[in-house]
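Shown next, in structure tokens, is the structure this report addresses.
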Amino acid sequence: MDERIERMKQVALQGNIDGFYNLIREDVKLLEHIDELPFVDTPLHIATSAGHITFSTEMIGLKPSFARKLNPDGFSPIHIALQKKNIEMVHRLLQLDRDLVRVKGRERITPLHYVVAAGDLDLLEKFLLVCPHSIEDVSIRNETALHIALIHNNLEAFRFLVGWLEDNRFKNASSYERKFLNWKDEKGDTVLHIAVSQNQTQAVRHLLAWGFDGINIKNLEGKTAWDISQRRDNREIRVMLDKARALKASPTLTANLYEYYLRPPKFRWAEYIRKKCARELMTLSNERRNALLVIVALVVTVTYQAVLSPPGGVWQDDQCNTIAPGKARSTNHLGSNEIQFNTTADQHKEGSSDYQTQCSTTAAHKAGRAILLTTTTFQTFLVFNSVTFVISSTILALLVPFGCITILTYFLGKKDLRFHKKEEAGNLSSVPN
Numbered sequence: 001m002d003e004r005i006e007r008m009k010q011v012a013l014q015g016n017i018d019g020f021y022n023l024i025r026e027d028v029k030l031l032e033h034i035d036e037l038p039f040v041d042t043p044l045h046i047a048t049s050a051g052h053i054t055f056s057t058e059m060i061g062l063k064p065s066f067a068r069k070l071n072p073d074g075f076s077p078i079h080i081a082l083q084k085k086n087i088e089m090v091h092r093l094l095q096l097d098r099d100l101v102r103v104k105g106r107e108r109i110t111p112l113h114y115v116v117a118a119g120d121l122d123l124l125e126k127f128l129l130v131c132p133h134s135i136e137d138v139s140i141r142n143e144t145a146l147h148i149a150l151i152h153n154n155l156e157a158f159r160f161l162v163g164w165l166e167d168n169r170f171k172n173a174s175s176y177e178r179k180f181l182n183w184k185d186e187k188g189d190t191v192l193h194i195a196v197s198q199n200q201t202q203a204v205r206h207l208l209a210w211g212f213d214g215i216n217i218k219n220l221e222g223k224t225a226w227d228i229s230q231r232r233d234n235r236e237i238r239v240m241l242d243k244a245r246a247l248k249a250s251p252t253l254t255a256n257l258y259e260y261y262l263r264p265p266k267f268r269w270a271e272y273i274r275k276k277c278a279r280e281l282m283t284l285s286n287e288r289r290n291a292l293l294v295i296v297a298l299v300v301t302v303t304y305q306a307v308l309s310p311p312g313g314v315w316q317d318d319q320c321n322t323i324a325p326g327k328a329r330s331t332n333h334l335g336s337n338e339i340q341f342n343t344t345a346d347q348h349k350e351g352s353s354d355y356q357t358q359c360s361t362t363a364a365h366k367a368g369r370a371i372l373l374t375t376t377t378f379q380t381f382l383v384f385n386s387v388t389f390v391i392s393s394t395i396l397a398l399l400v401p402f403g404c405i406t407i408l409t410y411f412l413g414k415k416d417l418r419f420h421k422k423e424e425a426g427n428l429s430s431v432p433n
């Protein structure tokens with residue numbers, strides 16, 4: 001068996017597909033025997049290292065599990081391709097399985113972490129394009145790709161990642177942005193802590209320019225970014241932090257996680273409605289969303305049409321009653337609809353005669369106004385119709401399938417602000433898969 005495995009390694013090193021199948025004829029379970037070993041240089045590892053793209057493609061087609069298996073050094077085939085700078089091989093492997101971006105190698109370093117550390121922006125863009133959820137992966141030190149970029153002093157990779165988090169549109173994108181910019185490593189340091197501690201002025205400026213809101217988060221030493229800046233000789237960073245209202249560590253910055261749950265409800269009905277709405281929105285399926293869209297769109301249409309064509313109709317013309325000079329005015333007044341005006345011409349002399357012209361006109365109604373506008377019933381209808389239109393339009397905007405519903409979910413489901421910030425600051429004892 002060992003002799004056949006050694007021969008298989010030689011075949012893979014040469015990229016000899018015919019020689020490979022000759023060995024398979026001798027032992028059809030040869031690949032299964034290799035796959036049973038927990039750490040091994042598979043034929044795919046060897047072919048990838050040697051740069052044999054065709055042989056590697058054949059091998060991954062026959063045994064896909066080889067693409068995720070680690071060799072004794074703790075590397076998968078795609079890790080080896082990156083180390084060898086064989087970009088064509090990397091692209092081919094991703095073409096066959098895009099989730100290889102998330103394969104965790106030695107120290108749980110993924111291919112995404114590797115290209116971030118190397119500062120390869122082309123591959124970084126490619127990896128995030130084919131597998132955006134790879135941003136979730138962290139190393140054994142609980143470091144995200146953002147942490148790794150700063151640790152390796154790769155400012156361009158860091159700026160790329162921050163911009164990508166701000167601009168991406170995939171599912172849960174809004175929560176990812178806040179979550180990973182405030183993520184803590186094993187020492188409790190966020191990316192801002194690291195940028196300040198390493199005097200990376202451009203990184204700090206870039207974070208604050210994007211509206212970074214975790215500026216006063218503490219690390220495990222109880223230090224904020226402002227506290228760290230006081231031990232560094234970098235006045236520019238201190239000025240930026242001061243303008244962003246950074247604070248030194250104090251007990252008031254920390255709220256216990258249990259404080260929110262110990263509070264008595266302030267408004268029971270408001271709490272009940274908030275809880276029910278938040279839970280419903282979080283579990284809203286596409287079918288129910290579509291049904292709600294149809295109903296809400298119908299309500300918006302009806303309420304809008306009610307304004308264009310109100311009950312009782314609208315006046316089609318202006319109606320005026322003209323009163324000759326010297327005659328008594330009509331006593332038929334129309335309340336707020338009455339408009340009166342008098343025009344008096346200057347006295348003129350025409351020959352030996354003087355004359356004065358006076359016109360008084362009372363407007364009974366004006367074109368385009370609702371006939372029932374002055375009635376209490378119609379005014380009540382108009383108020384309720386307008387409120388219904390505004391609420392329905394808002395719900396319609398939130399239900400459109402572009403993630404806008406998360407806005408309402410956030411406001412309905414958010415908790416006490418201090419608790420919310422503490423929950424993020426304490427992130428995350430759990431490590432994403």
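Letter by letter, the sequence shown follows residues 1 to 433 of the UniProt record's numbering. Here a beta-carbon is modelled for each residue, glycine too, at the ideal position from N, C-alpha and C. Since this is a predicted model, take the numbers as computed values, not measurements.
As the crow flies, the alpha-carbon of Trp315 is around 52 Å from that of Asp167.
In the three-state DSSP reduction, Ala306 falls in the helix class (H, G or I). Here Asn71 has Phe39, Val40, Asp41, His45 as same chain residues with Cβ atoms under 7 Å from its own Cβ, once five neighbours each way along the sequence are excluded.
Arg68 and Thr303 have their C-alpha atoms spaced approximately 58 Å apart. Secondary structure of Val314 (DSSP, three-state): strand. For Ala370, the pairing in a beta bridge is given by DSSP as Val314.
With respect to the 8 Å criterion, Phe180 and Ile135 are classified as neighbours on the basis of their beta carbons. Going by DSSP, Glu6 is part of the alpha helix (DSSP H) stretching over 2–14. No Cβ-Cβ contact shorter than 8 Å links Leu150 with Ala117.
The C-beta separation of Gly119 from Glu156 comes to about 6 Å, placing the pair in contact by the 8 Å criterion. Here Gln379 is exposed. Its C-beta has fewer than 16 other C-beta atoms within 10 Å. The beta-carbon separation of Gly19 and Ala50, rounded to 14 Å, does not stay under the 8 Å limit for a contact. Judged by pairs of C-beta atoms under 8 Å, the region 375–389 does not touch the region 281–291, as fewer than three such pairs exist. Around the CB of Gly312, fewer than 16 other CB atoms lie within 10 Å, so the residue is classed as exposed.
Using a 10 angstroms sphere on the CB of Leu37, the tally of other CB atoms stays under 16, which defines it as exposed. For Asn199 against Ile237, the beta-carbon gap comes to about 7 Å, under 8 Å, which counts as contact.
The beta carbons of Met240 and Leu292 sit no closer together than 8 Å.
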